[in-house]
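Here is the structure we will look at, set down as structure tokens.
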Amino acid sequence: MIKQYLKESLSHVNSSDLVVVSPDAGGAKRADALAKELKAGLAIFSKKRDKPGVVARMTLVGDVKDKTCVIVDDMVDTAGTLTRAASELIEHGAKDVYASAVHGVLSDPAIDRINQSPIKEFIVTDTIPMDDNEKRCPKMRVLSVAPLLAEAVKRIHTGGSLSNLFRNAPTTEDGGDVGKWSLD
Numbered sequence: 003m004i005k006q007y008l009k010e011s012l013s014h015v016n017s018s019d020l021v022v023v024s025p026d027a028g029g030a031k032r033a034d035a036l037a038k039e040l041k042a043g044l045a046i047f048s049k050k051r052d053k054p055g056v057v058a059r060m061t062l063v064g065d066v067k068d069k070t071c072v073i074v075d076d077m078v079d080t081a082g083t084l085t086r087a088a089s090e091l092i093e094h095g096a097k098d099v100y101a102s103a104v105h106g107v108l109s110d111p112a113i114d115r116i117n118q119s120p121i122k123e124f125i126v127t128d129t130i131p132m133d134d135n136e137k138r139c140p141k142m143r144v145l146s147v148a149p150l151l152a153e154a155v156k157r158i159h160t161g162g163s164l165s166n167l168f169r170n171a172p173t174t175e176d177g178g179d180v181g182k183w184s185l186d
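First residue of the sequence shown: 3, per this note's numbering; consecutive thereafter.
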């Protein structure tokens with residue numbers, strides 16, 4: 003869902019001017035997969051912690067100068083790493099910074115951090131309700147997982163394939179109606 007949204011909303015950006023960024027080494031595989039799908043470059047942050055929960059240093063591996071960057075993460079809690087990564091990208095010459103996460107826990111002070119950050123748009127799904135957070139954060143774009151869940155229930159009920167929902171090229175061979183939206 004996030005990939006499809008990014009493809010549409012960043013269609014004005016040439017793929018050679020786009021870089022997908024992982025905020026930490028643990029998300030490198032996810033970022034690499036998205037970069038390949040978007041035909042974009044890849045950058046990864048390496049974090050050094052002096053003590054648990056406190057990032058002492060972030061080192062960027064990759065070129066972001068004059069590029070539009072998209073930070074991809076699985077979950078954002080206080081948004082400390084996310085917003086620090088966004089600031090580091092700008093310091094390294096990035097033109098624009100977008101950010102995305104599947105799950106937005108968004109504990110305080112996450113919304114304030116995002117609002118005060120150089121992030122142009124923060125894309126998140128509603129796997130955790132976002133109503134209050136969305137009102138407080140004009141940069142936030144919430145994508146509904148309702149169509150995905152509805153299609154999963156339908157496929158379970160009719161004996162269709164759930165695995166096709168998450169493949170790179172969804173099909174309707176098992177009766178699913180994935181043509182209305184992209185799920186990968």
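For every residue, glycine included, the Cβ atom is placed at its ideal position computed from N, Cα and C.
Glu10 counts as exposed, since fewer than 16 other C-beta atoms from the protein chains shown sit within 10 angstroms of its C-beta. Here Ile130 carries a coil assignment [DSSP, helix/strand/coil]. Residue pairing by DSSP places Met60 opposite Lys49 in a beta bridge. Counting of Cβ neighbours within 10 angstroms places Glu153 among the buried residues, the total reaching 16 or more.
In this structure, the straight-line span from the alpha carbon of Ala27 to that of Glu136 is close to 29 angstroms. In this structure the stretch 140 to 153 touches the stretch 117 to 127; the number of beta carbon pairs closer than 8 angstroms is three or more.
Under DSSP, Arg143 forms a beta bridge with Ile125. In the DSSP secondary-structure assignment, Leu150 is not bridged to any residue. The alpha-carbon of Gly64 is positioned some 9 angstroms away from that of Val23.
C-alpha of Ser48 to C-alpha of Ala148: approximately 35 angstroms in a straight line. Residues of the same chain with a CB within less than 7 angstroms of the CB of Arg59, apart from the 5 flanking positions on each side, are Lys50 in chain order. Taking the Cα of Met3 as reference, the smallest distance to any Cα among Ala45, Val104 and Thr80 is reached at Val104. Pairing Ala112 with Val72 gives a Cβ-Cβ distance that is not under 9 angstroms.
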